[in-house]
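**Student:** In numbering that gives the first Met the number 0, the protein residues as written are 0 to 250.
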Amino acid sequence: MELFPVPDVPEIREGDDLAALVSERVDLRPDDVVCVASTVVSKAEGRFADLEAFPAGPRARELAARLSDLTGDEKDPRFAQAVLEESVDLVMDEPFLLTETRFGHVGVNAGIDRSNVPDHDLLLLPKRPSESAERIREGLAADRVIVTDTCGRPFRHGQRGVAIGWAGMSASRDWRGESDRDGRELGVTVESVVDELAAAANLVQGEGADGTPVVVVRGFEWGDHGESDAHFRDVDGDFVRQALREWSYDP
Ligand code: GDP
Ligand code: MN
Ligand code: MN
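Below you can see the structure in the form of structure tokens.
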């Protein structure tokens with residue numbers, strides 16, 4: 000398997016056809032997986048926003064004031080308002096805002112970015128990243144598309160790429176029912192292939208001024224395994240998230 004960036008991608012503007020931009024630059028093969036940073040999907044979809052569009056309500060003012068006290072950094076209540084408006088659930092409200100977006104992804108500040116955003120204050124995540132992935136896929140010679148974002152994770156330092164949308168493939172490879180080398184049946188292993196490919200792609204995309212938001216994965220084979228499209232956990236089956244309900248931050 001190899002990964003390579005799509006060369007010479009320009010600054011993406013609202014209305015740009017990402018599929019056409021990629022197809023003009025790379026001869027894609029049907030079994031390629033095209034990994035696109037959510038940043039450029041958002042730009043193409045015009046998900047730019049300015050803080051003045053989010054006049055802060057009482058809840059946002061309260062959250063921002065508390066976070067300013069806790070962190071010693073002045074937090075803009077309009078930013079807290081933007082996070083609330085992009086979210087359906089506030090999972091943690093201190094010492095940062097961890098929320099669930101409308102499409103089920105849990106992330107800090109609803110994944111709103113303030114870097115790589117020219118001329119605006121904010122860049123919101125795509126509204127429905129899997130639908131974005133499907134639209135891009137329709138314009139490509141490749142069958143599979145993943146929309147990635149860089150995200151922190153609990154329990155470990157450092158950020159890495161995750162899949163927030165995908166099309167033309169299942170999210171996970173289901174090993175349950177297969178055997179290990181000693182003939183024991185695997186009972187729980189459902190491998191999140193879209194996250195693994197997103198993490199690999201993110202290595203090549205970079206995080207700063209690299210200018211390589213689209214990465215092609217060539218030669219990845221699914222193999223003879225089951226498939227599952229489960230990706231974001233429901234609260235009902237998420238015991239860590241349930242435990243957070245009982246939790247409070249005590250600096
Ligand atoms: P995120 O992980 O989706 O939040 O995106 P990042 O801000 O980390 O950017 C990922 C990669 O895309 C980096 O290499 C950026 O330099 C690059 N990038 C971001 N926006 C653009 C753009 O409009 N055009 C090009 N060519 N590269 C971009
Ligand atoms: Mn991002
Ligand atoms: Mn990134």
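Beta carbons: idealized from backbone N, C-alpha and C, even for Gly.
All of these numbers come straight from a predicted model, not from anything done at the bench.
Could you give the DSSP three-state label for VAL275: helix, strand or coil?
**Tutor:** Outside the displayed span of the chain (0 to 250) sits residue 275, for which this structure offers no information.
**Student:** Out of SER67, GLY71, GLU61, point me to the one whose CA is closest to LEU83's CA.
**Tutor:** Within the sequence shown, numbered from 1, the residue matching residue 83 stands at position 84. It is GLU61 whose Cα lies nearest to the Cα of LEU83.
**Student:** Based on the DSSP output, what are the partners of MET91 in its beta bridges?
**Tutor:** Reading the sequence shown from its first residue, position 92 is the one you call residue 91. According to DSSP, MET91 bridges with LEU97.
**Student:** Compute the Euclidean distance between the alpha carbons of LEU124 and THR147, then round it to the nearest angstrom.
**Tutor:** Looking up residue 124 in the sequence shown gives position 125. Looking up residue 147 in the sequence shown gives position 148. Taking the straight line from one Cα to the other gives about 10 Å.
**Student:** Is SER131 close to ligand 1? I mean its beta-carbon at under 8 Å from any heavy atom of the ligand.
**Tutor:** To locate residue 131, count along the sequence shown from 1; it is residue 132. Outside the cutoff, so no.
**Student:** Would you mind working out which of ARG175, GLU51, ALA141, LEU202 sits nearest PRO212, comparing C-alpha positions?
**Tutor:** Taking the sequence shown and counting its residues from 1, the one referred to as residue 212 is at position 213. The residue from ARG175, GLU51, ALA141, LEU202 with its alpha-carbon nearest to that of PRO212 is LEU202.
**Student:** Ligand 2 and LEU17: does the residue's C-beta get closer than 8 Å to at least one heavy atom of that ligand?
**Tutor:** The residue you call residue 17 lines up with position 18 of the sequence shown. No, ligand 2 has no heavy atom inside 8 Å of this Cβ.
**Student:** State the beta-bridge partners of ASP148 as determined by DSSP.
**Tutor:** For the purposes of this step, residue 148 is identified with residue 149 of the sequence shown, where counting begins at 1. Paired residues: VAL161.
**Student:** Below 8 Å on the Cβ atoms is my guess for ALA170 versus VAL187; work out the distance and round it to an integer in Å.
**Tutor:** Locating residue 170 in the sequence shown gives position 171, where the first residue counts as 1. Locating residue 187 in the sequence shown gives position 188, where the first residue counts as 1. Going by Cβ atoms, the distance from ALA170 to VAL187 rounds to 16 Å, so no, they are not a contact pair.
**Student:** Along the chain, where does the beta strand (DSSP E) containing LEU50 start, and where does it finish?
**Tutor:** Here residue 50 refers to the residue found at position 51 of the sequence shown. That residue, LEU50, is in no beta strand (DSSP E); it is neither H nor E in DSSP.
**Student:** Whole angstroms are fine: how far does the CA of ALA18 sit from the CA of ARG65?
**Tutor:** Here residue 65 refers to the residue found at position 66 when the sequence shown is read from its first residue. Here residue 18 refers to the residue found at position 19 when the sequence shown is read from its first residue. Approximately 43 Å between the Cα atoms of the pair.
**Student:** Going by DSSP, what residue range makes up the alpha helix (DSSP H) through GLU1?
**Tutor:** The residue you call residue 1 lines up with position 2 of the sequence shown. No alpha helix (DSSP H) contains GLU1, which is instead part of the beta strand (DSSP E) from 1-4.
**Student:** Is ASP148 near ligand 3, judged by its Cβ being under 8 Å from some heavy atom?
**Tutor:** Here the question's residue 148 lines up with position 149 in the sequence shown. Yes, the beta carbon of ASP148 sits closer than 8 Å to at least one heavy atom of ligand 3.
**Student:** Consider the C-beta atom of ALA59 and the heavy atoms of ligand 1; say whether any pair is separated by less than 8 Å.
**Tutor:** Along the sequence shown, one-based indexing puts residue 59 at 60. Not under cutoff, so the answer is no.
**Student:** On the DSSP bridge list, what partners appear for ALA112?
**Tutor:** Walking along the sequence shown from the start, residue 112 turns up at place 113. According to the sequence provided, residue 112 is Asp. The question's Ala does not apply to it. In the DSSP output, where bridge partners are listed per residue, ASP112 has LEU122.
**Student:** In terms of residue numbering, what span does the beta strand (DSSP E) encompassing GLU177 cover?
**Tutor:** On the sequence shown, residue 177 is found 178 positions in, with the first residue counted as 1. Taken as a continuous stretch (DSSP letters only), GLU177 belongs to no beta strand (DSSP E), as it is neither H nor E.
**Student:** Under 9 Å, do VAL215 and VAL33 count as touching if we go by C-beta distance?
**Tutor:** Numbered from its first residue, the sequence shown carries residue 215 at position 216. Numbered from its first residue, the sequence shown carries residue 33 at position 34. Yes, these two residues count as a Cβ contact at 9 Å.
**Student:** Alpha carbon to alpha carbon, how far is ARG127 from ASP181?
**Tutor:** Against the sequence shown, residue 127 aligns to sequence position 128. Against the sequence shown, residue 181 aligns to sequence position 182. Taking the straight line from one Cα to the other gives about 43 Å.
**Student:** Buried or exposed for MET0, going by 16 or more other Cβ atoms inside 10 Å?
**Tutor:** Position 1 of the sequence shown, counted from the start, is the residue given in the question as residue 0. Exposure of MET0 is indicated by the presence of fewer than 16 other C-beta atoms within 10 angstroms of its C-beta.
**Student:** Per DSSP, what kind of secondary structure is GLY225 in: helix, strand or coil?
**Tutor:** Taking the sequence shown and counting its residues from 1, the one referred to as residue 225 is at position 226. If DSSP states are grouped into helix, strand and coil, GLY225 belongs with the strands.
**Student:** Which of the three DSSP states, helix, strand or coil, is assigned to GLU44?
**Tutor:** Here the question's residue 44 lines up with position 45 in the sequence shown. Looking at GLU44 - three-state DSSP - the assignment turns out to be coil, as it is neither helix nor strand.
**Student:** Less than 9 Å between the C-beta atoms of VAL189 and TRP165, yes or no?
**Tutor:** In the sequence shown, residue 189 corresponds to position 190, counting from 1. In the sequence shown, residue 165 corresponds to position 166, counting from 1. The Cβ atoms of VAL189 and TRP165 lie no closer than 9 Å to each other.
**Student:** Report, in whole angstroms, the separation of the C-beta atoms of ALA81 and PHE53, which I expect to be a contact under 8 Å.
**Tutor:** Locating residue 81 in the sequence shown gives position 82, where the first residue counts as 1. Locating residue 53 in the sequence shown gives position 54, where the first residue counts as 1. That pair is a contact at about 4 Å.
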